[in-house]
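Protein chains in written order, with the working numbering: chain A, 36 to 379; chain B, 6 to 196.
Even glycine gets a Cβ: it sits at the ideal position worked out from N, Cα and C.
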Amino acid sequence: MHRWFEQTPAGRPGIISSRIRLARNLQEYSFPAKLDEKESGEMVHRLEFGLRDIGNFAEKNFEFSLLNEMEELDRAALKERRVLNSAALLKKNPSGILLSKEEDMGIVLNCDDHIRIQLLGAGLCLDELWDKADKIDDCINERFPYAFDDRFGYLTSFPTNVGTGLRASVVVHLPMLSQGRKFSSLIGDMSRFGASVRGVYGDVEENFGSLYEISNLKTLGQTEREIIDTVTKAAIQLTNQEMQVRKLSLQRRRIEREDEVYKSFGVLKYARRLTFRDAMIFLSQLMAALSDGLVLAKNEVSVYRLMLGIQPAVLQKISDRPLSKEDLDIARAEFIRKELPELK
Amino acid sequence: MLCERCKIREANIQYTEVVSGVKKEHHFCAQCAKEMDFGVYAAIFDGEFPIGKLLSGLLGIEDDNQGPDKLHQIACPTCGTTYDAFVRDSRFGCSDCYSVFGPLMEDSIKQLQGSLLHTGKSPVNQNIESLSESAAKTRGKSIKDETSEEEKELSELDSRLKEALRFEDYETAAVCRDRIKEIRKGNETNA
Ligand SMILES: [Zn+2]
Ligand SMILES: [Zn+2]
Numbered sequence: 036m037h038r039w040f041e042q043t044p045a046g047r048p049g050i051i052s053s054r055i056r057l058a059r060n061l062q063e064y065s066f067p068a069k070l071d072e073k074e075s076g077e078m079v080h081r082l083e084f085g086l087r088d089i090g091n092f093a094e095k096n097f098e099f100s101l102l103n104e105m106e107e108l109d110r111a112a113l114k115e116r117r118v119l120n121s122a123a124l125l126k127k128n129p130s131g132i133l134l135s136k137e138e139d140m141g142i143v144l145n146c147d148d149h150i151r152i153q154l155l156g157a158g159l160c161l162d163e164l165w166d167k168a169d170k171i172d173d174c175i176n177e178r179f180p181y182a183f184d185d186r187f188g189y190l191t192s193f194p195t196n197v198g199t200g201l202r203a204s205v206v207v208h209l210p211m212l213s214q215g216r217k218f219s220s221l222i223g224d225m226s227r228f229g230a231s232v233r234g235v236y237g238d239v240e241e242n243f244g245s246l247y248e249i250s251n252l253k254t255l256g257q258t259e260r261e262i263i264d265t266v267t268k269a270a271i272q273l274t275n276q277e278m279q280v281r282k283l284s285l286q287r288r289r290i291e292r293e294d295e296v297y298k299s300f301g302v303l304k305y306a307r308r309l310t311f312r313d314a315m316i317f318l319s320q321l322m323a324a325l326s327d328g329l330v331l332a333k334n335e336v337s338v339y340r341l342m343l344g345i346q347p348a349v350l351q352k353i354s355d356r357p358l359s360k361e362d363l364d365i366a367r368a369e370f371i372r373k374e375l376p377e378l379k
Numbered sequence: 006m007l008c009e010r011c012k013i014r015e016a017n018i019q020y021t022e023v024v025s026g027v028k029k030e031h032h033f034c035a036q037c038a039k040e041m042d043f044g045v046y047a048a049i050f051d052g053e054f055p056i057g058k059l060l061s062g063l064l065g066i067e068d069d070n071q072g073p074d075k076l077h078q079i080a081c082p083t084c085g086t087t088y089d090a091f092v093r094d095s096r097f098g099c100s101d102c103y104s105v106f107g108p109l110m111e112d113s114i115k116q117l118q119g120s121l122l123h124t125g126k127s128p129v130n131q132n133i134e135s136l137s138e139s140a141a142k143t144r145g146k147s148i149k150d151e152t153s154e155e156e157k158e159l160s161e162l163d164s165r166l167k168e169a170l171r172f173e174d175y176e177t178a179a180v181c182r183d184r185i186k187e188i189r190k191g192n193e194t195n196a
């Protein structure tokens, strides 16, 4: 069974993945932070039982797990694959997840909110994801009345989610645009437009891999379609600009870019130790070059899958023993050597 | 603690991020946090903070202006969340907190969200259908001419809704929106 990110991306260059998340709470319980262990356990159990056949409606096979009983490493790996957020990692009281085998659909129970429905897909597909999320949402709501207010909409733990409870996001790859001096003002424009842009990996000083997540800033006062439209437009706008800069770079400094990507490829192919930062930067260059047709792979590949594969917990999981930081760099290089596509 | 960026102002925003599986804590002043890209919003997106000062900043508690004493005594009767805890965690404890703290922070929510009125989808089958709603449905079913009447009313309501929103008259807006929903719902069932 292929997980969603293992498929080769098609469609718009530069758009990696889309995600829809809906936050919902039940009418009859306080929000998760105010539930004790017993209440949490009871609610999670009721939800698990009540949603047992939800897979039939979504045409998916869901598997239920209690997050609080899951190995820490498994939870961390799910976070790296963007199924869980950090709140779910820290949760002590009973909490759970219904997750599809492909990991493209999940229903997280009793973390930040009672219910968080989340759907992931490759490429730009917010509309399709929303349609599915909307259906699952109605299905759940037929069994469990939601906390809803006529003015504030769906009530959530955080005021930043109230209203639609919808966070629509798209991950885009902007290696050249983000280097430009105008990038921060561009991000400012986007936020006035209602979309936030933030780096996916890296620290305050530096972004590793040039992946950026675009999401809606506001959840109240707009319809779900309007929100999706805003994020979709922002994603298209930014990737279009990226592609323009890239096209120009191919005209003006093709040899530099060829040199750069072949050097990066060489390191990825032969290195015996790779830090996360370096690996992400080199993979990002390869991703751009493949998308620009500057280099051609012998077989179709998803560079994003490699990026997800080199995260610490994911690497840790495929190893049979605990890895030190140095071991991790060795395992990372090994993984990349094995998975890297051959070039034509 | 001083802000790690400007090293001048007091750091009152704590930002936790996980990089390569290593948790890093950052301390910034509100101004620097604002200038940097992760912004107030980014940090709260996935509950990845605590960036507790968000609301205290928005509510202007630090200015210690009028009557914070009174506010300190407020607590939600259902879940026990106090005003202080609410401001500190930027988090509601239960749905009743919205009626307790909601009125106090309408301005903040407006600032954060740009609006105070939900216009997206609503729960299914949750509210018992009102009489007028079901009456509208049956009427719509039997008389076809009403469609054009309804369309006229819809466009009228739509412009009234927009007008009301512009003047921040949320009461009127809510009424218009409900009526629009009512009509649309009737139409959908007919279709
Ligand atoms: Zn500062
Ligand atoms: Zn409460």
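Q: Could you list which residues in chain A have their beta carbon closer than 8 Å to that of B/Ala-80, in chain order?
A: Proximity of chain A to B/Ala-80 at the Cβ level (cut-off 8 Å) is not reached, the minimal Cβ distance being about 12 Å.
Q.
Please report whether the beta-carbon of B/Cys-11 lies at a distance below 8 Å from any beta-carbon of chain A.
A. Answer no: the Cβ-Cβ gap between B/Cys-11 and chain A never drops below 8 Å.
Q: Closer than 9 Å, Cβ to Cβ, to anything on chain E: give me those residues from the region 312-343 of chain A, in chain order.
A: Included in the structure are the protein chains A and B, with no chain E among them.
Q: Report the three-state DSSP secondary structure of A/Gly-328 (helix, strand or coil).
A: For A/Gly-328, the secondary structure class from DSSP, reduced to helix, strand or coil, is coil.
Q: Answer with buried or exposed for A/Arg-260, where buried requires no fewer than 16 other C-beta atoms within 10 angstroms of its C-beta.
A: By the neighbour-count criterion, in which a residue is buried when 16 or more other Cβ atoms sit within 10 angstroms of its Cβ, A/Arg-260 is exposed.
Q) In or out: A/Leu-57 buried (at least 16 other Cβ within 10 Å) or exposed? A) So A/Leu-57 counts as buried.
Q) Where do the ends of the alpha helix (DSSP H) carrying A/Gly-301 lie? A) 289-305 is the extent of the alpha helix (DSSP H) around A/Gly-301.
Q: Could you pull the start and end residues of the beta strand (DSSP E) that A/Met-140 belongs to?
A: That run of the beta strand (DSSP E) goes 140-144.
Q. Between A/Arg-116 and A/Glu-94, is the Cβ-Cβ spacing less than 8 Å?
A. A/Glu-94 sits away from A/Arg-116, with the two beta carbons spaced by 8 Å or more.
Q: Could you have a look at A/Arg-116 and say whether DSSP puts it in helix, strand or coil?
A: Residue state, collapsed to three classes: coil.
Q.
Taking 7 Å as the cut-off, is the beta-carbon of A/Asp-88 closer than that to any non-hydrogen atom of ligand 2?
A. Answer for A/Asp-88: no, Cβ out of range of ligand 2.
Q | Host beta strand (DSSP E) of A/Val-205 (start-end) | A | Taken as a continuous stretch (DSSP letters only), the beta strand (DSSP E) holding A/Val-205 covers 201-208.
Q) Do A/Asp-184 and ligand 2 come close, with the Cβ less than 7 Å from some heavy atom? A) It does not: the Cβ of A/Asp-184 is nowhere closer than 7 Å to a heavy atom of ligand 2.
Q: For B/Ser-100, count neighbouring C-beta atoms within 10 Å of its own C-beta (all shown protein chains included) and say buried if the count is 16 or more, exposed if not.
A: Buried is the call here.
Q) With a CB to CB cut of under 7 Å and the five nearest residues on each side skipped, what residues in its chain are close to A/Gly-200? A) Here the set comprises Leu-57, Ala-58, Arg-59, Tyr-189, Thr-191 and Thr-254.
**Q.** Chain-ordered residues of the region 250-263 of chain A with a beta carbon less than 9 Å from chain B
**A.** Result list: Ser-250, Leu-252, Lys-253, Thr-254, Leu-255, Gly-256, Gln-257, Thr-258, Glu-259, Arg-260, Glu-261 and Ile-262.
Q. Quick one: does the C-beta of B/Asp-101 sit closer than 7 Å to a heavy atom of ligand 2?
A. For ligand 2, at least one heavy atom lies less than 7 Å from the Cβ of B/Asp-101.
Q.
Counting only C-beta atoms, is B/His-32 closer than 8 Å to chain A at any point?
A. It does not; no Cβ of chain A falls within 8 Å.
Q) Under the DSSP definition of a beta bridge, which residues are partnered with A/Phe-183? A) Looking at the DSSP assignment, A/Phe-183 forms a beta bridge with A/Tyr-189.
Q.
Quick test of the definition: if touching needs 3 or more C-beta pairs under 8 Å, does the region 287-301 of chain A touch the region 194-211 of chain A?
A. Between the region 287-301 of chain A and the region 194-211 of chain A there are fewer than three C-beta pairs closer than 8 Å, too few to call the two in contact.
Q) Is the Cβ of A/Glu-369 closer than 8 Å to any Cβ of chain B? A) Output row for A/Glu-369: interface = no.
Q) Is there a Cβ from chain B that is less than 8 Å from the Cβ of A/Phe-66? A) Taking 8 Å as the CB threshold, A/Phe-66 lines the interface with chain B.
Q | Supposed close pair A/Met-322, A/His-208 - CB separation, criterion 8 Å | A | Yes, A/Met-322 and A/His-208 are in contact; Cβ-Cβ is about 6 Å, under 8 Å.
Q: For my contact list, A/Ile-249 and A/Val-235 are in at a C-beta cut-off of 8 Å; report their separation, rounded to the angstrom.
A: Contact flag wrong, Cβ pair sits at about 11 Å.
Q: Taking only beta carbons into account, state which residues of the region 162-180 of chain B come closer than 7 Å to chain A, listed in chain order.
A: Shown in chain order are the members of the region 162-180 of chain B whose Cβ falls below 7 Å from a Cβ of chain A: Tyr-175 and Ala-179.
Q: Measure the Cβ-Cβ separation of A/Leu-252 and A/Ser-220 and say whether it is below 8 Å.
A: Not in contact: A/Leu-252 and A/Ser-220 (Cβ atoms no closer than 8 Å).
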